[in-house]
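In the numbering used here, the protein residues as written are 552 to 1015. Yeah, the Cβ is synthetic: ideal placement off N, Cα and C, and Gly gets one too. Treat the numbers as computed from the prediction; the structure is a model and nothing was measured. Scroll down for the structure; my scribbles are underneath it.
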């Protein structure tokens, strides 16, 4: 007989089914299918049950300890609470609504280190304050308002001039005529190298071999609307007056070889005279850099002044003593009798000890005769030779009634002011320069005495 088999049943631990599995099993068992809303409700009830079963630990605040016990137990101090975020005002003091959003970062608002020197370099020493070329602007010349869009753009062009002089050299000529002098001034004052001869050609001359004459039109003939040329900070550093003269007044050399004519009655081909680059030039600034070495030649200035018959405003700020041979001031020659004679007309002690102003008066007399239309003269920083403006040596003197009788505005600033820690000698020198400027004003008024125009002298005052 077959044996009876006993089936052993294995028991497994039962697991708690999730709502989703129970719903799935119920549907599989043939129960009514639950909707989506019911399933979501079951999931919410399950999550609430789990959260109530294991509540989250609440953040416990660390108990505070009195300061005396804290010092005994050497416990660290309780960290201070973070300051509340300040409420940003929506309106300014004038009642205007402020722009939405957070304030701009400091890097956007703060200026770069190189941007601090825009209108001249820093002072010569902590004891002296030198405004630099900020006081050398020509009256009547276009100057952008500080902080305006044009001012910001020109400053940025000047600081990045090493880039623009290469990549934008074909577009600089097409700037508006009233912006060209302002750009030249900004580059000469703010750029590291100043304005060079190539920069002037790129701004004032059309690009060579790029555009046709038909494309340029009448602008290629001359810059008739440019009346100002501000070369402040570039003369004696990256520009020479001889180069400026050759650029403004080009000289066309006619060919020396003569071509044989076919007939004796053939008309001679007379070459046309060279065109002047700036025929309407009336404002010219040749101000030097107040700090640092510079090479300014009075001989080249006299040669250039013979061609500047239309200039009415001139700036010679920070120019050295009028001298035709400045490099020979320390040179001397020995006579056959064994005496040492100064090689040039002015030596190192001519003005201080010998009181010899003969050469300076000669140079100023020649300059005044060439620039007979002058109405404004800027001599800021020329205090060492202010005295020459009122002296006379025979027929050599500055004629404020004849040659410079049209000058109605004379600028005689010292170019520097003593600080709180200035030495007594520096204070004395400043006072003497201010008093000399005042005496020159009285001298010019006395010389004219109703015979010429009224003159205004801009100068410093003691104690101001």
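Checklist entry - Within 6 angstroms: the Cβ of residue 742 and any heavy atom of the ligand GDP? => result Absence of the ligand GDP is noted for the structure shown, with no ligands found whatsoever.
Checklist entry - Hey, out of 996, 784, 699, whose CA is closest to residue 835's CA? => result 784
Item to check | Buried or exposed (CB count within 10 angstroms, at least 16 for buried), residue 997 | outcome: exposed
Next on the checklist: Assuming the contact rule is C-beta atoms closer than 8 angstroms, residue 740 and residue 750 should be a hit. Round their C-beta distance to whole Å, please.
Outcome noted: So it is not a contact: roughly 13 angstroms between Cβ atoms.
Checklist entry - First and last residue of the alpha helix (DSSP H) that includes residue 715? => result 712-718
Item to check | Other residues of its chain near residue 877: CB distance less than 7 angstroms, five sequence neighbours each side excluded | outcome: 871
Next on the checklist: DSSP three-state label for residue 1012, please.
Outcome noted: coil
Next on the checklist: Which of the three DSSP states is assigned to residue 872 in this structure?
Outcome noted: Residue 872: coil per DSSP, three-state reduction.
Item to check | Residues bridged to residue 943 [DSSP beta-bridge criterion] | outcome: Bridge partners of residue 943: 948.
Checklist entry - Identify the residues that DSSP records as bridge partners of residue 779: which are they? => result 834
Item to check | Inter-residue CB distance, residue 799 and residue 756 (contact presumed, cutoff 8 angstroms) | outcome: About 11 angstroms separates the two Cβ atoms, so there is no contact after all.
Next on the checklist: Quick check: what's the CA-CA separation for residue 727 versus residue 659?
Outcome noted: 29 angstroms
Checklist entry - Taking DSSP as the reference, what is the three-state secondary structure of residue 729? => result coil
Checklist entry - What is the rounded straight-line gap between the Cα of residue 689 and the Cα of residue 838? => result 11 angstroms
Checklist entry - Roughly how many angstroms separate the alpha carbons of residue 732 and residue 780, rounded to a whole number? => result 5 angstroms
Checklist entry - Quick one: what does DSSP say residue 960 is sitting in, helix, strand or coil? => result strand
Checklist entry - Do you know how far the Cα of residue 972 is from the Cα of residue 695? => result 35 angstroms
Item to check | Start-to-end residues for the alpha helix (DSSP H) that takes in residue 976 | outcome: 975-999
Checklist entry - Could you give the distance in angstroms between the alpha-carbon of residue 850 and the alpha-carbon of residue 921? => result When rounded, the distance between both Cα atoms is 13 angstroms.
Next on the checklist: Determine whether the beta carbon atoms of residue 789 and residue 743 lie at a separation below 7 angstroms.
Outcome noted: no
Item to check | Identity of the residue in 1000, 705, 648, 965 nearest residue 867 by Cα | outcome: 965
Next on the checklist: Taking its Cβ as the centre, do 16 or more other Cβ atoms sit within 10 Å of residue 787, making it buried, or is it exposed?
Outcome noted: buried
Checklist entry - Can you list, in chain order, the residues of its chain whose CB lies under 7 angstroms from that of residue 746, leaving out five sequence neighbours each side? => result 735, 738, 739, 782, 785, 789, 790
Checklist entry - Grouping DSSP H, G and I as helix and E and B as strand, with all else coil, what is residue 806? => result In this predicted model, residue 806 has a pLDDT of only 48, less than 50, meaning its place in the structure is not dependable enough to derive any value.
Item to check | Unbroken alpha helix (DSSP H) run spanning residue 929, endpoints | outcome: Boundaries around residue 929 are those of the beta strand (DSSP E), 927-929, since no alpha helix (DSSP H) includes it.
Checklist entry - Whose C-beta lies closer than 8 angstroms to the C-beta of residue 715 among residues of the same chain, with five residues either side of it excluded? => result 708, 723.
Checklist entry - residue 687 and residue 968: beta carbons closer than 7 angstroms? => result no
Checklist entry - DSSP puts residue 1007 in a beta bridge; with which residues? => result 960
Next on the checklist: Residues in the same chain with beta-carbon distance under 7 angstroms from residue 947, minus the five sequence neighbours each way, listed in chain order, please.
Outcome noted: 909, 912, 913, 916
Checklist entry - With a Cβ-Cβ cutoff of 7 angstroms, do residue 919 and residue 949 count as a contact? => result yes
Item to check | Anticipated Cβ contact below 8 angstroms, residue 1008 with residue 992, distance rounded | outcome: 4 angstroms
Checklist entry - Quick one: what's residue 864 bridged to in DSSP? => result 834, 927
Item to check | Residue environment, residue 923, which counts as buried when at least 16 other CB atoms sit within 10 Å | outcome: Per the 10 Å Cβ criterion, exposed.
Checklist entry - Taking the C-alpha atoms as reference points, what is the distance between residue 671 and residue 632? => result Note on residue 671: pLDDT 44, under 50, position unreliable in the model; no value is reported.
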